[in-house]
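To convert a position in the sequence shown, counted from 1, into the numbering used here, add 183. The C-beta atom is built at its ideal place from N, Cα and C for all residues, glycine as well. Bear in mind the structure is a predicted one, so any value in this text is a computation, not a measurement. To start, the structure under review is shown below, and the notes come after it.
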Amino acid sequence: MSKLLNIKQLVLLVITLYLLITSAVAWSDEQGPYPRILVTGQGSVDLVPDMAVLALTVRREAETAHDALEASSSAMHDVLTAMKAEGIEPRDLQTSGFSIQPKYSRPSPKSSTSSETPRIIAYTVRNGLTVRVRDISALGRILDKSVRLGVNEGGSFVLSNEDPSAAITQARIKAMKDAISKAKTLAKAAGVKTGKLLEVSEQSFSPRPMPMARAEMTMLRSAKAVPVAIGENTYKVTVNVSFAIEQ
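Okay, here's the thing in structure tokens:
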């Protein structure tokens with residue numbers, strides 16, 4: 184008797200699942216995928232920079248690791264002292280990288296087949312420093328002073344904004360308005376109307392750092408003050424939007 188009940192229950196379960204699947208397929212066929220309009224909207228806002236972020240490196244080389252480290256530490260100490268004298272707060276000074284690397288001799292081509300092995304002939308110490316300059320008018324003077332006091336390897340700097348959130352919000356609104364306008368134009372040209380909003384995705388773009396090459400570092404040594412053009416930062420937002428189509 185129990186076996187018959189189990190069989191009946193199994194049959195009822197199979198029938199129920201079949202009906203559910205059939206109903207779902209029928210509903211899907213009836214509804215179908217939404218006809219849609221896909222558009223990309225863009226918005227941008229220009230903002231005058233109010234802060235600079237510098238990446239500076241002191242590189243020193245000597246026959247021993249100790250001598251190279253001592254020379255690097257002395258130069259970095261001078262740079263840090265100068266930064267503080269310029270009004271840079273301790274919270275805006277951060278060591279961004281430190282390394283000690285051996286430098287090996289290279290066998291000459293004539294002796295490349297011999298048993299000569301590379302040997303350490305010197306050590307290179309690199310000490311990096313990230314500096315936030317909040318008084319952007321002092322940027323040129325700080326660059327010149329840091330190079331004169333020991334910065335001798337190319338880094339990077341970026342003219343940024345401490346809080347660009349308001350500008351990004353404005354760019355986001357502009358991008359969405361641009362997308363809506365494009366969708367309405369496409370719908371009108373196709374003889375249809377835009378329906379409900381189906382999906383939105385966003386991409387934001389901020390200014391990138393500007394590289395400073397070693398050659399530029401050499402030129403800075405002879406400059407009384409490094410000329411810096413502030414210009415404007417452009418904050419861009421791109422949105423991908425899809426709207427349903429109403430016939």
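With the cut-off set at 8 Å, would you say residue i and residue j are in Cβ contact?
| i | j | result |
| --- | --- | --- |
| R309 | E336 | yes |
| G311 | A412 | no |
| A254 | A265 | no |
| M234 | S320 | no |
| F426 | A366 | yes |
So the alpha helix (DSSP H) residue i belongs to, where does it begin and stop?
| i | result |
| --- | --- |
| Q353 | 348-373 |
| S329 | 322-331 |
Apart from the five residues just before and just after residue i, which ones in its own chain have a Cβ nearer than 6 Å to its Cβ?
| i | result |
| --- | --- |
| A350 | V228, L230, Y418 |
| V424 | V222, A362, V383 |
| A258 | V241, G333 |
DSSP three-state call for residue i: helix, strand or coil?
| i | result |
| --- | --- |
| T264 | helix |
| M395 | The predicted model places M395 with a pLDDT of 45, which falls under 50 and marks its position as unreliable; any figure quoted below should be read in that light. Note: M395 maps to coil in three-state DSSP. |
| P410 | coil |
| I428 | strand |
| R289 | coil |
| I271 | coil |
| E345 | coil |
| N416 | strand |
| S389 | coil |
| N423 | strand |
Since residue i is in the beta strand (DSSP E), which residue starts that stretch and which ends it?
| i | result |
| --- | --- |
| V308 | 303-316 |
| R219 | 219-230 |
| E244 | 234-245 |
Near residue i, which residues of its chain fall below 8 Å by C-beta distance, leaving aside the five closest residues on each side in sequence?
| i | result |
| --- | --- |
| K360 | G224, G226 |
| V262 | L239, V241, L312, S329, L332, G333, V334 |
| V420 | Q225, G226, S227, I351, A354, R355, K357, A358, E385, Q386, S387, F388 |
| P273 | K267 |
| G270 | D318, A321 |
| P347 | L230, S389, N416, Y418 |
What does a CB cutoff of less than 7 Å around residue i pick up in its chain, not counting 5 residues either side in sequence?
| i | result |
| --- | --- |
| S175 | Absent from the model: residue 175. The displayed extent of the chain is 184 to 430, so no value can be given. |
| P232 | I319, L342, S343, N344, I413, N416 |
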